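Notes for the one structure printed next.
There are 2 protein chains.
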Amino acid sequence: MMFNFDKNIEFLNRNNDILTIGELLVDMISADYDENFDSNTYHRFFGGSPANIAINTKRLGVNSSVVSAVGKDGLGKFLINQLEEVQIDTTCIEEVDYATSMVLITKSKSSPKPIFYRGADYHLEYSSKLTEAIKNSKVVHFSCWPLSKAPSRQTIEKCIEVARANKLIICFDPNYHPMLWEKGEDGPEYIKSIIKKVDIVKPSEDDAARLFGKDSHENYIEKFLTLGAQLVILTLGEDGAIVSNGKETVKFETLATEVNDTTGAGDAFWSGFYAGVIEGYTIKEALQLGFAVSAYKLKYTGAVVELPRLERIKEIYSIEGGS
Amino acid sequence: MMFNFDKNIEFLNRNNDILTIGELLVDMISADYDENFDSNTYHRFFGGSPANIAINTKRLGVNSSVVSAVGKDGLGKFLINQLEEVQIDTTCIEEVDYATSMVLITKSKSSPKPIFYRGADYHLEYSSKLTEAIKNSKVVHFSCWPLSKAPSRQTIEKCIEVARANKLIICFDPNYHPMLWEKGEDGPEYIKSIIKKVDIVKPSEDDAARLFGKDSHENYIEKFLTLGAQLVILTLGEDGAIVSNGKETVKFETLATEVNDTTGAGDAFWSGFYAGVIEGYTIKEALQLGFAVSAYKLKYTGAVVELPRLERIKEIYSIEGGS
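Take a look at the structure:
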């Protein structure tokens, strides 16, 4: 496959647009900034990057479905309810005999301190329901999270195989973080073996540094391409992004004007990009829509904000093109 | 060993009075009652039954020390800080590479729904520091919690062995709950094998029913005695307790007049009993002190309340005797 910046992607006719697979979890976030462990009040939030993307894309106006595992408990019910409220298909969410995964985040001016409580999420098992869901979708998306542990790792491997056979676009967020991996395992080496098998990756500079060590932007892009990715979107925070399809490399500027909270900005980018390619925009236009949705999100607090439809985003940020 | 109701326990000369081993964790409790998973605010509390007993006994005026494992994270720091604030010895608290254990409790009028996030607590390993701590103590206390998983199970087994060799009084809370155990394992059978090796047990009626099935109070007591316990304190909530040393069985009435919150009432009972036996009261008097401290705690909200010294409790509840 080759992603031409000035062409749109031709999708097969499928009922569902975006299938996101992986972490669906509760973010438990301290009410106050806390440098000394004295924060006693926490607020519960819907979380998990793929689940955020599913909600965003749905709000932008394309279909999405979430594949994940939650516990048979109140937090699992809360997460499923949140997805159902925006009419996202939850038939591929398994309820398992482990606690719904949670990330406890104590806000800090110096460094935020997450504590990972992983239960249900990595117990996602492959099933024939998943085969059906993949066959019915145009794009499949996942991050490093489910790859960090068995059995969800094997589930993702199987999903990639089935997605490839059924000609989906396979997108991967290489957000490798050592804290999620078993001690002693070479996470970066494993992640590299996965990059070979996917089409689109969107690493941040930090992600790239964790995988390859400190290097130049050009070398990072080259390394992802050499591993086998077809389109590499290297995001640079306020400096925009460098995107390469192996033949052509394009620099994009951020569209952000007002930055209130960066949480979920990456998920918003993915969401705008996905909505764009699904709606028939060219790769270049879809990338601009990614920046536009990200810019919109940055104005508001929270990982998932009330996004308008894609057409409105297009107007606000004066994005050209479209089918 | 034989516990005579009208005699005190002769302890060897040791620096520390009560050594509690096991769960030290965060209780994350919903701010509101919640029947429909919509509670978004949670408050963090110090928790874990043995740790509560350590704080209580310290406040009553005897020495205590806690053996446990917490994570190298903010919640672990919070728990250690709380113990240090009341001058409890924390040198036997290990900081391990797992998240500090947490129990998330969503309050409910129908049934409270705990979700267990176990990380650090069951990774408690035996060490020579622990041998020293046991050799320096008069009483050792633990509950079913650390027995439910390896490696803390083996740590407790070793503690029992060393405590026996060093002539400590070994006290066990047989609060068996299937949710904490691995599926397929016969928890009750294992707990029974532990009861053989301890001196004092304090089951509630529910604990006894979970271990032996529904039966009469007399049969419950007989079963604990037959297994090898030397003193069985069968607590019956507002109906007090039945206590037997195998030769004599005595009925005790509760001293509670005002019940505001039952959380931690059992820990308060243990605490009053321990403070009593350490201070040289007879078994019967110590049991009454247990009821007195429990009654005091019941008036206030929270698992651990600001207890006065034992002498004051004795006055308030007109308990006779003492050394």
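First to last, the sequence lines map onto chains X and S.
Residue numbering for the first sequence follows the UniProt record's numbering, beginning at 1 and increasing consecutively.
Residue numbering for the second sequence follows the UniProt record's numbering, beginning at 1 and increasing consecutively.
No residue lacks a Cβ here, since even glycine has one placed at the ideal position from N, Cα and C.
It should be emphasised that the depicted structure is a prediction, and the values quoted were computed from it without experimental measurement.
Distance between residue j and residue i (C-alpha atoms, nearest Å)
| i | j | result |
| --- | --- | --- |
| L147/S | P308/X | 53 Å |
| S252/S | A241/S | What sits at residue 252/S in the sequence shown is Phe, not Ser. Cα-Cα distance, rounded: 5 Å. |
| E320/X | I278/X | 16 Å |
| T100/S | K77/S | 9 Å |
| V140/S | Q154/S | 16 Å |
| A31/S | I195/X | 44 Å |
| S64/X | E23/X | 15 Å |
| I233/S | Y176/S | 15 Å |
| E182/S | L236/X | 46 Å |
| T57/S | Y281/S | 15 Å |
| K314/X | V70/S | 50 Å |
| E248/X | W270/X | 21 Å |
| L79/X | H123/X | 16 Å |
| K72/X | K113/S | 11 Å |
| F45/X | M28/S | 15 Å |
| A218/X | Y126/S | According to the sequence provided, residue 218/X is Glu. The question's Ala does not apply to it. For E218/X and Y126/S, the distance between alpha carbons rounds to 51 Å. |
| K109/S | D34/S | 8 Å |
| R118/X | M102/X | 6 Å |
| N8/X | D17/X | 15 Å |
| W145/X | I316/X | 33 Å |
| R14/X | D215/X | 40 Å |
| A292/S | A265/S | 10 Å |
| K223/S | N52/S | 28 Å |
| L211/S | D239/S | 21 Å |
| T106/X | K202/X | 27 Å |
| T254/X | S111/X | 25 Å |
| residue 338/S | E95/X | With chain S running from 1 to 323 in the structure shown, residue 338/S is simply not present. |
| D206/S | E306/S | 28 Å |
| V259/S | L130/S | 38 Å |
| G74/S | K158/S | 30 Å |
Integer Cβ distance of residue i from residue j, believed to fall under 8 Å
| i | j | result |
| --- | --- | --- |
| S128/X | L19/X | Going by Cβ atoms, the distance from S128/X to L19/X rounds to 15 Å, so no, they are not a contact pair. |
| L231/X | V250/X | Not really, about 11 Å apart at Cβ, beyond 8 Å. |
| L310/X | L60/X | 4 Å |
| I283/S | F5/S | 5 Å |
| S294/S | G276/S | With a Cβ gap of about 12 Å, S294/S and G276/S do not count as contacting. |
| V62/S | Y274/S | 7 Å |
| Y220/S | A208/S | 4 Å |
| L168/S | K192/S | About 22 Å; that fails the 8 Å criterion. |
| G47/S | V66/S | Going by Cβ atoms, the distance from G47/S to V66/S rounds to 12 Å, so no, they are not a contact pair. |
| I200/S | I21/S | That belief does not hold up - the Cβ atoms of I200/S and I21/S are roughly 15 Å apart, past 8 Å. |
| S152/X | D186/X | Not really, about 18 Å apart at Cβ, beyond 8 Å. |
| residue 329/S | V304/S | Nothing about residue 329/S can be read from this structure; chain S reaches only from 1 to 323. |
Beta bridge counterpart(s) of residue i as assigned by DSSP
| i | result |
| --- | --- |
| P114/S | I105/S |
| K251/X | I242/X |
| L234/S | I242/S |
| R44/X | M28/X |
| C171/X | H141/X, I200/X |
| N16/X | S137/X |
| S318/X | In the DSSP output, where bridge partners are listed per residue, S318/X has none listed. |
Contact set for residue i: own chain, Cβ-Cβ below 7 Å, skip 5 residues either direction
| i | result |
| --- | --- |
| T262/S | L298 |
| M179/S | F116 |
Own chain, CB closer than 6 Å to residue i, minus 5 neighbours either side, in chain order
| i | result |
| --- | --- |
| S49/X | S143, D267 |
| K197/X | I160 |
| I115/X | L104 |
| S68/S | L24, I93 |
| A163/S | I134, V140, I170 |
| Q288/X | I319 |
| S204/S | T235 |
| G290/X | F269, G272, F273 |
Neighbour-count burial assignment, residue i, 16 or more Cβ in a 10 Å radius
| i | result |
| --- | --- |
| G184/X | exposed |
| T257/X | exposed |
| P174/X | buried |
| D97/S | exposed |
| S39/X | buried |
| A165/S | exposed |
| T90/S | buried |
| Y42/S | buried |
| A150/X | exposed |
| T301/S | exposed |
| E285/S | buried |
| G213/X | exposed |
Residue i Cβ short of 7 Å to the ligand HEM heavy atom set
| i | result |
| --- | --- |
| N8/S | With respect to the ligand HEM, the structure offers nothing, as it holds no ligand at all. |
Residues of its chain near residue i, where Cβ-Cβ distance is below 8 Å and the 5 sequence neighbours each way are ignored
| i | result |
| --- | --- |
| L225/X | V232, S244, G246 |
| F37/X | T106 |
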